[in-house]
Amino acid sequence: MVDLCADDTPELRAWRREVRDFLQEALPEPWTFWYDYDENPESWERYLAFWRKVGKKRWTALTWPAEYYGLGRPAIEKWILEEEFVNHDVPTYPVIGMHVSGYLLRHGTHEQRLKHLKGIADATVLWGEGYSEPGAGSDLAGLTTKAHRDGDEWVINGQKTLGTAAHFCQWMSVLARTDPDAPRHAGISCFLVPLDAPGVEMLPLDNMADGRQNMTYFDDVRVPADSLLGDENQAWTQIWFGMGGDRLDNAGPSLGPHSMRIVPLLNRVIRYCTRTSRGGRRLADDPVVRQQLGELMMGVEAIRLQACEMHGIAQSGRPSRFGEASMHMHQAVFKEFWPHLAQVCMEIVGPMAQIQGGRWAQLNGDIEHYFRASFGNHAGGTSQLKRMVLATRGLDLPR
Amino acid sequence: MGIDLQLSEEQELIGTTANEFFEKQCPPKLVREYESGSPEFPEALWREMAGLGWLGMPFPERYGGLELAMLDMVPLYVELGRHLVPCPVLDTVALAGSLVYALGSDEQKKTLLPGIARGDSTIASAIMEPDGGYGPEAIQVRATRNGSGFLLNGTKVLVACAHSAGRLVCAARTATGVDEHGISLFLVDPRAPGATIERTPNIAGYPLYAIGFENVSVAEDAVLGEVDAAWPALYGTSMKAAVLQSAMVVGAGERLLAMTTDYAREREQFGKPIGKYQAVQYLCTDIAIHCHQTRLLTLQAAWRIDSGRPFLRESALAKASASRAAGAMTFAAHEVHAGVAFVTDYDLQLYTRRAKHWEYNLGDLRYHLDRACAESGL
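From first to last, the protein sequence lines are chains Z and V. Residues 3 to 401 in the working numbering are what the first sequence spells out, letter by letter. Residues 97 to 474 in the working numbering are what the second sequence spells out, letter by letter.
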């Protein structure tokens, strides 16, 4: 991957080398693993062991303040770290812990930070997502899970769905309605809920890419008053919009960003085209394949630059071209690009791409798996939703 | 430029200055006036741009220029695109003049570049041939030895503003073949005996010519750089100019986006503004996305050139994106405007027709996608 000017100083170049050296030791061979599309317990074990190694170095908390287990390093170092993680096809940090760390650092109390950030940094405590409901997907503000105050406790009742890999998690960040009389967006709060609390029940929803989403039921689940994250009734702006539309800051986003998985994937397909012949000609010499690869390179590069831009803006604080909708544009683009990339890669690899494993599988069957996984692009909101936000908030079109 | 891909304040200032200048000096009325008309371009505007230093940007001071970087030029070219400035800035400065600067002798540079920078004269580039290809194999005009000089035979097409140009920078074969070796560049007087110049009506309403050479004699000192070895500089300079052409597409795209969203807010059908319909919103976001992605790819390529890094892959991706965007953005703008934009009184069609020229100019989508592969080692 081509950096912009991340490496302008000897210190930053040395930092990049340090990250590379670590990865070469910690990842002796290329390794593709996506936590949301894999249930193999051995893979999970290896995956968590890797992230605990990263956590031991505190690179999970690279930019966090020292008082909360962080190293207090500048954001540009995190960018370099992420570039190297992407280049090495490192599986992303498990589930939504990195997002939760962002919420905690922005809106949590001192006590909440002390209590939760260490487990996230160590990758010993995993956090699942409790946002979507059967009746509230893209229109998340239609959620009906409720929480009411009872003495020193909050009592949660309702049902969450599509909790990716939540069965591997110990805690969940749950959005619930705390003011039924307020306008839809103004009555929602966020709670930090241990998944072993009485009244929590989880049922599997297997996804088409070999992973597991989950249905999570809350039946009079009681959590202490200090489980409220951020201000009461303010979760829509503080938490949810913070996940998709807010400016990124040193606290977010996830390590080894999801959207950048496309970089190593395309590189693998390019390598495949250089060593695979069809009809006596290398795929890389087939003019149609070259057009397809060029088009995919253009898409990947544009998305990578959008990620650079988002990250850079978070550092510089300069306004972005489409304001708060810039992030939504970025998301709309990569959400649409995943299935497209998958489709074109399937076309390039051809009929053998259907084979999932064994000696005849091409690229270890990973393209076929990616094709199935690419329809998980709705997570965090559909591309249509992102485009609607871009249109109404970024382009000032009427709602 | 940092990884936020934003221009510096000084660079932004070049853009805002140019925007204000063209807003006053280059209204759509002027653009229309010079469509397929004569003279080829507004000389007064040209001289004013020269006075602002815009025609000598890439050249060093001793040749009358400002020696600015690509990232300083990008904002100017964005505005040239936004306002459809009907002048051969890209053709004369970024391509022909830059070829002279890249390959010419000190004498040749002293003769030609200060005149361009002052706005006194233009030079045109004569690269493409009727075959329509962009690579070295497409250059087949022959230059055969004739005493100490050469005789040119063959045809060049899509040569911009050739009629008023003092010189053409003409690419020709000094050794037969189809590969990179054997290509030379010549400075040719478009009025030389044996040269015929024919205006070709075209979609952009831009002065584009076909130029025939029949035993056109050029002297030895008309060669730019080494005989047989011009391709690398021609390719590299074209790839840099392609980045500035991409910047022009970005500028046009920003205007298209503004025009289209303005219209979508105002125009009412079925009792509400059409911008409320998500089908219309989608088309508007298409323009924004194509434009923004092209902007980022253009900035990256310019930054790589300025910082001395390899840039050919990134330039190819920028122009590929610009070529695709040129078509996609005008398509979406027309879909939203519908009937009103089919009428010539409306300005959108001015953009549509020029965007098509820019889509092809200095390499189309297909060419640059293939170059992106080639420059990635494929």
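For each residue, glycine too, the CB sits at the ideal point set by N, CA and C.
Could you name the residues of the same chain whose beta carbon sits closer than 6 Å to that of residue i, not counting the 5 residues immediately before and after it, in chain order?
i                 : result
Ser322 of chain Z : Ile315, Ser328
Asn467 of chain V : According to the sequence displayed, residue 467 of chain V carries Arg and not Asn. Cβ neighbours of Arg467 of chain V beyond the five flanking positions: Ala412.
Asp221 of chain Z : Gly201
Asp402 of chain V : Ala165, Met166, Leu167
Thr62 of chain Z  : Val56, Ala123
Val4 of chain Z   : Note on Val4 of chain Z: pLDDT 43, under 50, position unreliable in the model; the coordinate value appears next. Contacts found: none.
Gly301 of chain Z : Phe339
Grab the span of the beta strand (DSSP E) containing residue i for me, first residue to last.
i                 : result
Asp368 of chain Z : First-last for Asp368 of chain Z: 368-375, but that is the alpha helix (DSSP H), not the beta strand (DSSP E).
Val265 of chain V : 263-269
Leu205 of chain Z : 202-208
Glu155 of chain Z : 155-162
Thr438 of chain Z : Shown here, chain Z extends from 3 to 401; a query on residue 438 of chain Z therefore has no answer.
Thr207 of chain V : Counting along the chain, Thr207 of chain V falls outside any beta strand (DSSP E), though it belongs to the alpha helix (DSSP H) covering 202-214.
Ala239 of chain V : 238-242
Would you list the residues sitting across from residue i in a DSSP beta bridge?
i                 : result
Val176 of chain Z : Z:Gly132, Z:Phe193
Gln333 of chain Z : DSSP, once it has assigned bridges, lists no residue as partnering Gln333 of chain Z.
Gly308 of chain V : V:Thr251, V:Thr292
Phe282 of chain V : V:Cys266, V:Val319
Ser221 of chain V : V:Val265
Gln365 of chain V : V:Lys368
Lys148 of chain Z : Z:Asn159, Z:Arg179
Leu231 of chain Z : Z:Cys192
Arg406 of chain Z : In the structure as shown, chain Z starts at 3 and stops at 401, and residue 406 of chain Z therefore has no counterpart that could be examined.
Can you check whether the C-beta of residue i is within less than 7 Å of a C-beta belonging to chain V?
i                 : result
Arg186 of chain Z : no
Glu311 of chain Z : yes
Gln293 of chain Z : yes
Pro12 of chain Z  : no
Ala393 of chain Z : yes
Leu119 of chain Z : no
Ser318 of chain Z : yes
Ala344 of chain Z : no
Val271 of chain Z : no
Ala16 of chain Z  : no
Val335 of chain Z : yes
Among the residues of its own chain, which have a CB less than 8 Å from the CB of residue i, if the five just before and after it don't count?
i                 : result
Asp227 of chain V : Ala234, Gln236
His277 of chain V : Ala271, Asp324, Ala325, Trp327
Trp66 of chain Z  : Gly72, Leu73, Gly74, Ser103, Leu107, Leu119, Ala123, Asn252, Ala253
Gly111 of chain V : Leu103, Pro171, Leu172, Val174, Glu175
Pro182 of chain Z : Lys148, Gly189
Please check if any C-beta of chain Z sits within less than 7 Å of the C-beta of residue i.
i                 : result
Ser417 of chain V : yes
Ala397 of chain V : no
Ala360 of chain V : yes
Ile99 of chain V  : yes
Lys372 of chain V : yes
Ala468 of chain V : yes
Cys380 of chain V : yes
Ile307 of chain V : no
Pro369 of chain V : yes
Which residue marks the beginning of the alpha helix (DSSP H) containing residue i, and which one marks its end?
i                 : result
Cys387 of chain V : 374-402
Lys120 of chain Z : 112-124
Arg426 of chain V : It is worth fixing the name first, because residue 426 of chain V is Thr in this sequence and not Arg. From DSSP, the alpha helix (DSSP H) with Thr426 of chain V extends over 408-433.
Phe246 of chain V : Taken as a continuous stretch (DSSP letters only), Phe246 of chain V belongs to no alpha helix (DSSP H), being part of the beta strand (DSSP E) at 245-256.
Leu387 of chain Z : 385-391
Asn269 of chain Z : 264-277
Cys469 of chain V : 461-470
Lys80 of chain Z  : 77-89
Phe438 of chain V : Element bounds for Phe438 of chain V: n/a, residue is neither H nor E.
Does the Cβ of residue i have 16 or more other Cβ atoms within 10 Å, making it buried, or fewer, making it exposed?
i                 : result
Gly144 of chain Z : exposed
Ala237 of chain Z : buried
Arg450 of chain V : buried
Trp399 of chain V : buried
Thr180 of chain Z : buried
Thr276 of chain Z : exposed
Ala315 of chain V : exposed
Lys388 of chain Z : buried
Glu116 of chain V : exposed
Ala354 of chain V : exposed
Ile299 of chain V : exposed
Who are the Cβ neighbours of residue i in its own chain at under 7 Å, not counting the five residues just before and after it?
i                 : result
Val471 of chain V : As written in the sequence, residue 471 of chain V is Glu, which differs from the Val given in the question. Leu408, Arg409, Ala412, listed in sequence order.
Glu136 of chain V : Cys257, His259, Ser260, Pro303
Closest Cβ-Cβ distance between residue i and chain B: below 7 Å?
i                 : result
Pro406 of chain V : Of the protein chains in the structure, Z and V, none is chain B.
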